[in-house]
Amino acid sequence: MQALYAQLLVGLINGSFYALLSLGLAVIFGMLNIINFAHGALYMMGAFVAYFLLNLGGINYWWALLLAPIIVGIFGMLLERTMLKFLTGLDHLYGLLLTFGIALIVQGVFQNYFGSSGLPYSIPDQLKGGLNLGFMFLPIYRAWVVVFSLFVCIATWFLIEKTRLGAYLRAATENPTLVRAFGINVPRMITLTYGLGVGLAALAGVLSAPINQVRPLMGADLIIVVFAVVVIGGMGSIMGSIITGFALGVIEGLTKYFYPEASNTVVFVLMVLVLLVKPTGLTGRAA
Amino acid sequence: MTALTDDTLTVTPRAMRDEMILFVVMALLLASVPFTGVYPFFVMQALCFALLACAFNLLIGYGGLLSFGHAMFMGTAGYCSAHALKVWALPPELGVLVGVAAAFGLSLITGYISIRRQGIYFSMITLALSQLLYFIYLQAPFTHGEDGIQGIPQGHMFGIFDLSKPTVLYYVVLVGFLAGFLLIYRIINSPFGEVLKSIRENEPRAISLGYRTDQYKFLAFVLSGTLAGFAGALKVFVAQNASLTDVHWSMSGEVVLMTLVGGLGTIFGPVVGAFVIIAMQQYLAGFGQWVTVIQGSIFVICVLTFRRGIIGEIAHYFRRSL
Numbered sequence: 179m180q181a182l183y184a185q186l187l188v189g190l191i192n193g194s195f196y197a198l199l200s201l202g203l204a205v206i207f208g209m210l211n212i213i214n215f216a217h218g219a220l221y222m223m224g225a226f227v228a229y230f231l232l233n234l235g236g237i238n239y240w241w242a243l244l245l246a247p248i249i250v251g252i253f254g255m256l257l258e259r260t261m262l263k264f265l266t267g268l269d270h271l272y273g274l275l276l277t278f279g280i281a282l283i284v285q286g287v288f289q290n291y292f293g294s295s296g297l298p299y300s301i302p303d304q305l306k307g308g309l310n311l312g313f314m315f316l317p318i319y320r321a322w323v324v325v326f327s328l329f330v331c332i333a334t335w336f337l338i339e340k341t342r343l344g345a346y347l348r349a350a351t352e353n354p355t356l357v358r359a360f361g362i363n364v365p366r367m368i369t370l371t372y373g374l375g376v377g378l379a380a381l382a383g384v385l386s387a388p389i390n391q392v393r394p395l396m397g398a399d400l401i402i403v404v405f406a407v408v409v410i411g412g413m414g415s416i417m418g419s420i421i422t423g424f425a426l427g428v429i430e431g432l433t434k435y436f437y438p439e440a441s442n443t444v445v446f447v448l449m450v451l452v453l454l455v456k457p458t459g460l461t462g463r464a465a
Numbered sequence: 028m029t030a031l032t033d034d035t036l037t038v039t040p041r042a043m044r045d046e047m048i049l050f051v052v053m054a055l056l057l058a059s060v061p062f063t064g065v066y067p068f069f070v071m072q073a074l075c076f077a078l079l080a081c082a083f084n085l086l087i088g089y090g091g092l093l094s095f096g097h098a099m100f101m102g103t104a105g106y107c108s109a110h111a112l113k114v115w116a117l118p119p120e121l122g123v124l125v126g127v128a129a130a131f132g133l134s135l136i137t138g139y140i141s142i143r144r145q146g147i148y149f150s151m152i153t154l155a156l157s158q159l160l161y162f163i164y165l166q167a168p169f170t171h172g173e174d175g176i177q178g179i180p181q182g183h184m185f186g187i188f189d190l191s192k193p194t195v196l197y198y199v200v201l202v203g204f205l206a207g208f209l210l211i212y213r214i215i216n217s218p219f220g221e222v223l224k225s226i227r228e229n230e231p232r233a234i235s236l237g238y239r240t241d242q243y244k245f246l247a248f249v250l251s252g253t254l255a256g257f258a259g260a261l262k263v264f265v266a267q268n269a270s271l272t273d274v275h276w277s278m279s280g281e282v283v284l285m286t287l288v289g290g291l292g293t294i295f296g297p298v299v300g301a302f303v304i305i306a307m308q309q310y311l312a313g314f315g316q317w318v319t320v321i322q323g324s325i326f327v328i329c330v331l332t333f334r335r336g337i338i339g340e341i342a343h344y345f346r347r348s349l
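In order, the protein sequences belong to chains R and P.
Numbering of the first sequence is given in my numbering, commencing with residue 179 and proceeding in unit increments.
Numbering of the second sequence is given in my numbering, commencing with residue 28 and proceeding in unit increments.
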């Protein structure tokens, strides 16, 4: 039973990363109509920025949690201003190809300087140790990751669905020309949205740094699983991506306990099954 | 939304004549390779990738469907051909047939699943399916995991052509490539190809004209996947191994890059693109991971400034369709 709970916890943690990443993808897709293939590379950058802050600047985990998303978010906004901006009005596929190219560049540069092996990032002192719950041992850092990412997901959902800024955002997604006529600077909003989505990816990167090692390719294979999560969830709603992200992480964790051979493939198999029954995904609108 | 490819020119007898002349020039140039100092294995490898890129281009350039998992057909056919040649000891021609049949079966299944969603969802689904297969091949016993299938016997094609001789192997691969290329050319210029182009330009209108567009797209997917498998089966004889790199999604990315560099939706573009990218990998191998950075930069430059690709720009300049 101990092992089952441990796998469930691992599943919840992976689910947090899936949720944060697919949430960022959904936000970006809503405004820019681009599937951000560079999302995995930016997640990796978040972890590396946290690593640099600690080892070069002596800046601790808590500041990294705030600073890394801002730094990577600014990098993302520069990408949007200098490149992605020029794709408006073109076929969606060009956005996918451009961001794929950006991902290759970013990952290649990091691989040149850091090889493919991992760099360690230690757990902050305040979150070391664990709790004995009687039925299982709960490492505090892991519990923190789940609780904190859940909090961030819900805060993002609140920002987009319940605030005035979010209302502008949703309106601009539906009809940018009309929103612009009301005097709102739509291009600036698009840039900020891209920054927000990228910041969510970087935040996931910081959270994962103490659990998984900091590696140049840490986002490369993860992003494909997240794409499968997105296909299953459908990206129709913000809440949909959060719930699908966590749920699939848990399912993956359960598979690792009951049938480990399938743990790498279960998300993809689920994607096939969902597509056969409901081609638009669980919460998706027709494309 | 602007169209994916530059196809404002109609197919005229003059265009057909241009294309046929270019095809003869290409065939003669390739046929003369063994008489020059060019390393034949480099050209053979490029030919296999060129056929793969042409098959991929059939889907995106004429059907508007960006498959991001096309390496799975090449890899699957490669593994099945390699297994048939080495373990079952089949002759080369049957080995190729086994690989192509496997790719055909796989494209039936993956096409049925992925064709239900369009645009970027289609791309993500093909990518996820190829990653699913990657993990299956990583664990399946017959692929030997990380080692791959090695030391594949080349044998005698039809009992006559000794494939262990580089020149004979070269001409067999060349004939295979040219046959595949002509088949794709024929498909594009058939009534089926015309319907496919109309779907790419405006799917709702094609539906309102009474075409069952899903069936057309499915057929294009199966043709493209099967031909990609043919390329993978040929590659087994060139490389004499079948490994996980051929199924990994980064290979699918390379195929996209080749087609994009040469020109999406042009007939000769994928061939030129494949030669450019393979040559680049060959000569820049000493730069290590910088090759990835260079490839990424080419992606970015192509998408931002050079969307028609090499052949597309030339064709646009001379106002011909190539």
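From the three backbone atoms N, C-alpha and C, an ideal C-beta is built for every residue, glycine too.
Predicted model only: the values in this text are computed from it and were never measured.
- Annotated as distal: Ser108(P) and Phe248(P), with beta-carbon spacing of 8 Å or more.
- Where Asn192(R) is concerned, the enclosing alpha helix (DSSP H) starts and stops at Gln180 to Leu210.
- For Pro457(R), the neighbours in chain P by C-beta distance under 8 Å run, in chain order, Arg143 and Arg144.
- From the listed residues Gly259(P), Phe185(P), Arg347(P) and Gln158(P), the smallest Cα separation to Glu120(P) is found for Phe185(P).
- Taking CB atoms only, Leu154(P) has a neighbour in chain R less than 8 Å away.
- The secondary-structure analysis by DSSP pairs Asn268(P) across a beta bridge with Gln177(P).
- In summary, no residue of the segment 235-269 of chain P has a CB separated from any CB of chain R by less than 8 Å.
- Here the C-alpha atom of Ala77(P) lies approximately 36 Å from the C-alpha atom of Met413(R).
- Residues of chain R with a Cβ closer than 8 Å to the Cβ of Ile163(P) are, in chain order, Thr443.
- By the Cβ-count criterion, Met209(R) is buried, with 16 or more other Cβ atoms from all chains shown falling within 10 Å of its own Cβ.
- Fully enclosed alpha helix (DSSP H) runs of no fewer than 4 residues occupy 240-266, 276-289 and 296-310 of the segment 235-315 of chain P, in order along the chain.
- Note on geometry: alpha-carbon atoms of Phe345(P) and Val288(P) lie some 18 Å from one another.
- Taking all protein chains in view, the Cβ of Pro218(P) is surrounded by fewer than 16 other Cβ atoms within 10 Å, so the residue is classified as exposed.
- Interface annotation, Ile213(R): in contact with chain P, CB-CB separation under 8 Å.
- Where Gly373(R) is concerned, the enclosing alpha helix (DSSP H) starts and stops at Val364 to Ser386.
- By the C-beta criterion, the segment 186-194 of chain R is judged to be in contact with the segment 419-435 of chain R, since at least 3 inter-stretch pairs fall below 8 Å.
- For Asn390(R) and Leu256(R), the gap between their C-alpha atoms comes out near 28 Å.
- Buried is the label assigned to Gln72(P), since at least 16 other Cβ atoms lie within 10 Å of its Cβ.
- As for any alpha helix (DSSP H) of minimum length 4 sitting wholly inside the segment 75-154 of chain P, the runs are 98-113 and 119-141, ordered along the chain.
- Here DSSP, grouped into helix, strand and coil, assigns Val392(R) to strand.
- What Val327(P) touches in chain R, judged by beta-carbon distance under 8 Å, is Met261, Leu276, Gly279, Ile280 and Ile283, going in chain order.
- Note on geometry: alpha-carbon atoms of Val318(P) and Val205(R) lie some 32 Å from one another.
- For Leu201(P), the uninterrupted alpha helix (DSSP H) run begins and ends at Pro193 to Ile215, by DSSP.
- Counted as a single uninterrupted DSSP element, the alpha helix (DSSP H) harbouring Pro247(R) occupies residues Tyr239 to Thr260.
- Per DSSP, Asn310(R) is one residue of the beta strand (DSSP E) stretching across Gly308 to Asn310.
- By the C-beta criterion, the segment 232-251 of chain P is judged not to be in contact with the segment 280-297 of chain P, since fewer than 3 inter-stretch pairs fall below 8 Å.
- Nearest to Ile152(P) by alpha-carbon distance, out of Val65(P), Tyr164(P), Leu311(P) and Tyr139(P), is Tyr139(P).
- By the neighbour-count definition (other C-beta atoms within 10 Å, threshold 16), Gly307(R) is an exposed residue.
- Per DSSP, the beta bridge partners of His183(P) are Asp189(P).
- As DSSP reads the structure, Pro354(R) sits in no beta bridge.
- The residue among Val404(R), Ile402(R) and Gly383(R) with its C-alpha nearest the C-alpha of Pro394(R) is Gly383(R).
- The continuous beta strand (DSSP E) containing Leu316(R) extends over residues Phe315 to Pro317.
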